[in-house]
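Written out below as structure tokens is the structure these notes cover.
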Ligand SMILES: Cc1ncc(COP(=O)(O)O)c(C=O)c1O
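Numbering (the working numbering), first residue to last: 14 to 381.
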């Protein structure tokens, strides 16, 4: 009897590829996220509500109307036009990709490779991940203890280092802190003078009540990064964009793979932008709920819920591992951040629906 070759068991070690793979890529650990199942999902800063059913139906109808055998727009042109109208921006200054994570990679390719990526510590992990993968010099400057931007230290780094990409998120991730406009403007001024590309990541700007478009408009090396994943509740359809000067956008566009927004993405973005009122209502509820949860935990005997201007907040606990497991046993998954600089004991918690937040508050009250 001939034996059928069996697929190699996953537990058997494979020989390592000897050549080709860059050492920088091999040295970087895989994206630090382990999907965890729980009835209440507060670990990814998502919108707790799905895209409204009637808008889903309309987007699907438009998607079905379009031919699937044909490539979509070369550079998401109809989506870029719709975003330009919504944002009152020059269409030539808009670049669209499947999620703003893709734009972070692309901006690192645009101005980071062989140069510098300057970030705060802690910061959104994708900035540092892409800098490491693409071989940029990574310069990290500690946030102040109250999570505000250290303006003198960042200004000194902007003056000292070879220019590249300077990334700041407003509101900041993962702290939820919103800096003063004066501090952000002061840093942008130094960055512009020294020739940096400044990325103001506004993934959560709707929850913070600040909008840096006007600063970006008068600062040719500065851009705003935006996403449909948070306030718009469309993380599953992967849509992000940047607003920049024509020069930055045209060069960034060269790095975008052709035809990268599918007919679904195209239809969803168009429909969403025609109905911003659904998004605004949800943002208002998100802000109300955030303040309600923070107020409910204000006098907690052992944990500190840290004020935030985003759709998530940090909960500083005496023991992050025990607290994480406690929430999981209550059916709630949150995100550990306690290994990060300045964030000892911290869990990151997204704001959910009122019922989810009630469950979170009850579980948090039981935590000692
Ligand atoms: C600060 C920040 N920027 C960008 C992103 C990425 O969003 P997207 O879903 O558009 O890739 C996130 C996602 O969590 C984020 O927190």
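Cβ coordinates follow ideal geometry from the N, Cα and C atoms, glycine included. Please read these numbers as outputs of a predicted model, since none were measured by experiment.
{"query": "heavy atom of ligand 3 below 8 Å from residue 248 C-beta", "result": "Among the ligands modelled here, namely ligand 1, ligand 3 does not occur."}
{"query": "Where residue 183 falls: helix, strand or coil (DSSP)", "result": "coil"}
{"query": "Exercise answer, beta-carbon shell around ligand 1 heavy atoms below 6 Å", "result": "58, 112, 113, 114, 137, 182, 186, 214, 216, 240, 242, 248, 253"}
{"query": "Of the listed residues 223, 188, 175, nearest to residue 195 (C-alpha basis)", "result": "223"}
{"query": "Beta carbon of residue 216 nearer than 9 Å to that of residue 109", "result": "no"}
{"query": "Residue closest to residue 336, alpha-carbon to alpha-carbon, out of 361, 257, 166, 50", "result": "361"}
{"query": "C-beta atoms of residue 205 and residue 234 nearer than 9 Å", "result": "yes"}
{"query": "Beta-carbon proximity of residue 221 to residue 183, cut-off 9 Å", "result": "yes"}
{"query": "Alpha carbon of residue 252 to alpha carbon of residue 174, nearest angstrom", "result": "33 Å"}
{"query": "Straight-line Cα distance separating residue 378 from residue 54", "result": "18 Å"}
{"query": "Host alpha helix (DSSP H) of residue 4 (start-end)", "result": "Residue 4 lies beyond the range of the chain shown here (14 to 381); nothing can be said about it."}
{"query": "Residue 257 vs residue 265 beta-carbon contact at 9 Å", "result": "yes"}
{"query": "Buried/exposed call for residue 312, threshold 16 Cβ in 10 Å", "result": "exposed"}
{"query": "Whether residue 340 touches residue 308 by CB criterion (9 Å)", "result": "no"}
{"query": "Boundaries of the alpha helix (DSSP H) in which residue 254 is found, first to last residue", "result": "Segment 253-256 is the beta strand (DSSP E) holding residue 254; no alpha helix (DSSP H) there."}
{"query": "Residue 186 vs residue 323 beta-carbon contact at 9 Å", "result": "yes"}
{"query": "Within the segment 100-175, ranges of the alpha helix (DSSP H) (whole runs, at least 4 residues)", "result": "113-124, 138-147, 164-173"}
{"query": "Alpha carbon of residue 155 to alpha carbon of residue 354, nearest angstrom", "result": "8 Å"}
{"query": "Three-state secondary structure (DSSP) of residue 392", "result": "Here the chain covers residues 14 to 381 and nothing more, so residue 392 does not appear."}
{"query": "Cα-Cα separation between residue 150 and residue 288, rounded to whole angstroms", "result": "42 Å"}
{"query": "Residue closest to residue 84, alpha-carbon to alpha-carbon, out of 357, 209, 273, 334", "result": "273"}
{"query": "Rounded separation between residue 229 and residue 293 - CA only", "result": "23 Å"}
{"query": "Where residue 346 sits in the DSSP three-state scheme", "result": "strand"}
{"query": "Cβ-Cβ separation, residue 259 to residue 113 (assumed contact under 8 Å), whole Å", "result": "Between residue 259 and residue 113 the Cβ distance is about 20 Å, and since that is not below 8 Å, they are no contact."}
{"query": "Residue 356 vs residue 329 beta-carbon contact at 9 Å", "result": "yes"}
{"query": "Under 9 Å between C-beta atoms of residue 178 and residue 211", "result": "yes"}
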